[in-house]
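With positions in the sequence shown counted from 1, the corresponding number in my numbering is that position plus 5. All C-beta atoms in this analysis are idealised placements derived from N, C-alpha and C, irrespective of residue type, glycine included. Every value quoted in this text rests on a predicted model; they were computed, and no experiment measured them.
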Amino acid sequence: MRGTAPMQWRRAFFSARTAPLTKEDKSMNRRTLTVISVVVLCAMAACVWLVAQKVSAQNAVALASPVYNPYPPGIVPSNINSELARVLAEVDFIEARAIARWHNLKPPTLTGQPPILANFGTEAVETLGELMNYDRNIAPERNQACASCHMPYVAFSGPIPSVNLTMIAYPGTVHLRAGKRTAQRYPYAPFFPVLQFNEEQGLFFGGNFWDSRATGYLLRNPDAHQAQGPPVDTQEMGNPDTACITYKLSKAVYRPLFELVWGKGSFDINFPSNTAEICATPGGASQFGGSTTPVQLSAADRTESNAVYDHWGQSIDPYEQSVQVSAFSSKFDAFLKGKYTLTADEKAGYDLFRGKGNCNSCHLDGRSTAPAPTAPASEDTGVAASANPLFTCFGSANEGLPLNPRNAFFYQTTPDSFGFTANPRFRLQRFGVRNIPEKRLRYLGQPE
Numbered sequence: 006m007r008g009t010a011p012m013q014w015r016r017a018f019f020s021a022r023t024a025p026l027t028k029e030d031k032s033m034n035r036r037t038l039t040v041i042s043v044v045v046l047c048a049m050a051a052c053v054w055l056v057a058q059k060v061s062a063q064n065a066v067a068l069a070s071p072v073y074n075p076y077p078p079g080i081v082p083s084n085i086n087s088e089l090a091r092v093l094a095e096v097d098f099i100e101a102r103a104i105a106r107w108h109n110l111k112p113p114t115l116t117g118q119p120p121i122l123a124n125f126g127t128e129a130v131e132t133l134g135e136l137m138n139y140d141r142n143i144a145p146e147r148n149q150a151c152a153s154c155h156m157p158y159v160a161f162s163g164p165i166p167s168v169n170l171t172m173i174a175y176p177g178t179v180h181l182r183a184g185k186r187t188a189q190r191y192p193y194a195p196f197f198p199v200l201q202f203n204e205e206q207g208l209f210f211g212g213n214f215w216d217s218r219a220t221g222y223l224l225r226n227p228d229a230h231q232a233q234g235p236p237v238d239t240q241e242m243g244n245p246d247t248a249c250i251t252y253k254l255s256k257a258v259y260r261p262l263f264e265l266v267w268g269k270g271s272f273d274i275n276f277p278s279n280t281a282e283i284c285a286t287p288g289g290a291s292q293f294g295g296s297t298t299p300v301q302l303s304a305a306d307r308t309e310s311n312a313v314y315d316h317w318g319q320s321i322d323p324y325e326q327s328v329q330v331s332a333f334s335s336k337f338d339a340f341l342k343g344k345y346t347l348t349a350d351e352k353a354g355y356d357l358f359r360g361k362g363n364c365n366s367c368h369l370d371g372r373s374t375a376p377a378p379t380a381p382a383s384e385d386t387g388v389a390a391s392a393n394p395l396f397t398c399f400g401s402a403n404e405g406l407p408l409n410p411r412n413a414f415f416y417q418t419t420p421d422s423f424g425f426t427a428n429p430r431f432r433l434q435r436f437g438v439r440n441i442p443e444k445r446l447r448y449l450g451q452p453e
């Protein structure tokens, strides 16, 4: 494993220094450390520059194929290519860091009945999910990872300001097929329950994503279900078959970690000889004739592949649930722990939130609603919930907003170079406020 040799070097070095340090030694050490620091920083900068050059070159190759651009002026930002290259370089850098973390993991212990990976098993599956999340090789063009639309420095949402201000949704592996919605954030999504309908209230609760379409019906985990969407979404990572993800995971550098977590033999699947060719072709291509399972597998192998794809979602979910993503580290969390005192303005806002505003009846904060709206500053004598505050009741609401004319998906009404039309029935001719039935018809895609 990586990291072992440096640790042995450190031990040998420090055990060899038995004599006390003189002033000259300390001065020399400071100068040496300064030089080393400069060298290390330069090396890191060089690595980032080289990655960026590599990504730019790969993007240039990708852009050599016909670019799909059915959009009117003003939809696609002028800096889209350089920004996509920038994000890919960042994805590669974070992936390299995750690989180093994997190689430095202490091995978990298989024990118990039923057997579990004790001690470091949780860290192992979280790291596996992180590696999957930053793996751009999963996409047919090897140019997009899950993280391409969910970077940590923007709360795991879209990292390109110009895209956020123009085309809304992000381009996928096919340049410039774009998604349907802006990228939703990862943090705290793993805590949503399975979608359910409350007959007493006549309301839906749970599910993941803007429309709760990731129900969690099979995996009993909406977040894991949601993670299975983008790899085979024609507008995103664009694989033509879920078996392609299984095939690519079998070739991944972190395959040993997958097999440690989910078992050896996970990839004992007889893939046909043309699998690589199929999986390098974006989903929706006319050559597939509408099939979503172009990789021809036996029934038994298809079952094994489906299990691996379930494990894909079940690995990304722990990463998104980890403190790396869902940290519960806000000032309010510190306030609940007694480690932070709210300012006067913050206290006034919180009194309104839990008092006259009655906000925390739906946006649950783990505390009581004030005894009466007339006494918003009264002491909260309730017992704090023994759970992290999620500020949601997991419900859904139709806010009746008009369609956004900048959403790039609306304009994808003609075939791209693969013969795929993302939006064949949406022929949006006018925008603005409409009655509810008309907006419903247009949103759901019924022909006019």
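- With respect to N138, A150 sits close: the two C-beta atoms are nearer than 8 Å.
- In its chain, beyond the 5 residues on either side, S271 have a beta carbon closer than 8 Å to the beta carbon of A312.
- Boundaries of the beta strand (DSSP E) around F202: Q201 to N203.
- Judged by DSSP secondary structure, F98 falls within the alpha helix (DSSP H) whose first and last residues are I85 to H108.
- Within the same chain, Cβ atoms closer than 8 Å to the Cβ of R307 are found at A248 and T298, the five residues on either side in sequence being excluded.
- DSSP, reduced to helix, strand and coil, places M137 within a helical segment of the structure shown.
- Setting aside the 5 residues that flank it on each side, A129 is surrounded in the same chain by L110, P113, L122, L262, L265 and V266, each with a C-beta closer than 7 Å to its C-beta; the list follows chain order.
- In the three-state reduction of the DSSP assignment, P261 falls in the helix class, which pools H, G and I.
- A contact is defined here as three or more CB-CB pairs under 8 Å, and the segment 155 to 172 meets this definition with respect to the segment 408 to 426.
- The criterion of a C-beta distance shorter than 8 Å is not satisfied by A257 and D322.
- DSSP places T127 within a helical segment (H, G or I) once states are collapsed to three.
- Taking one beta carbon from each stretch, the segment 142 to 159 and the segment 176 to 188 have 3 or more pairs nearer than 8 Å; the two touch.
- Rounded to the nearest angstrom, the gap between the Cα atoms of P192 and P420 is 36 Å.
- Assigned with DSSP and collapsed to three states, A219 falls in strand.
- Counted as a single uninterrupted DSSP element, the alpha helix (DSSP H) harbouring T251 occupies residues T247 to K256.
- F340 carries a helical assignment under DSSP once its states are collapsed to helix, strand and coil.
- Of all C-beta pairs linking the segment 216 to 233 to the segment 193 to 207, three or more are shorter than 8 Å, placing the two stretches in contact.
- By alpha-carbon distance to T286, the top candidate from N148, T397 and V81 is N148.
- In the three-state reduction of the DSSP assignment, L302 falls in the coil class, being assigned neither a helical nor a strand state.
- Non-local beta-carbon contacts of N363 in its own chain, meaning distances under 7 Å to residues more than five positions away in sequence, involve T374 in chain order.
- Residue burial is scored here from C-beta neighbours: C367 has fewer than 16 other C-beta atoms within 10 angstroms and is therefore classed as exposed.
- For T426, no alpha helix (DSSP H) encloses it, and the DSSP letter there is neither H nor E.
- N428 has its alpha-carbon roughly 20 Å from the corresponding atom of G79.
- One thing to note: L341 has its Cβ within 8 Å of the Cβ of P394.
- Residue nearest to H180 within the set I165, G221 and L89 is L89 (criterion: CA-CA distance).
- The shortest CA-to-CA distance from S331 to any of G343, A339, F161 and D140 is the one to F161.
- Note on D140: 16 or more other CB atoms within 10 angstroms of its CB, so buried under the neighbour-count rule.
- CA-CA distance, E309 to G288, rounds to 21 Å.
- With contact defined as three or more Cβ pairs closer than 8 Å, the segment 394 to 405 and the segment 199 to 213 are in contact.
- The secondary-structure analysis by DSSP pairs L181 with nothing; it has no beta-bridge partner.
- Counting only residues of its own chain and dropping the five nearest sequence neighbours on each side, G387 has a CB closer than 7 Å to the CB of R372 and S373.
- With respect to the 8 Å criterion, D246 and V300 are classified as neighbours on the basis of their beta carbons.
- For L357, there is no enclosing beta strand (DSSP E); the residue is part of the alpha helix (DSSP H) that begins and ends at A349 to R359.
- Within the same chain, S320, I321, P323 and Y324 come within 6 Å of G134 by CB-CB distance, once the 5 residues on both sides are set aside.
- Taking C-beta separations shorter than 8 Å and ignoring five residues to either side along the sequence, the partners of A392 in its chain run G371, following chain order.
- In the structure shown, L408 falls within a coil segment according to DSSP collapsed to helix, strand and coil.
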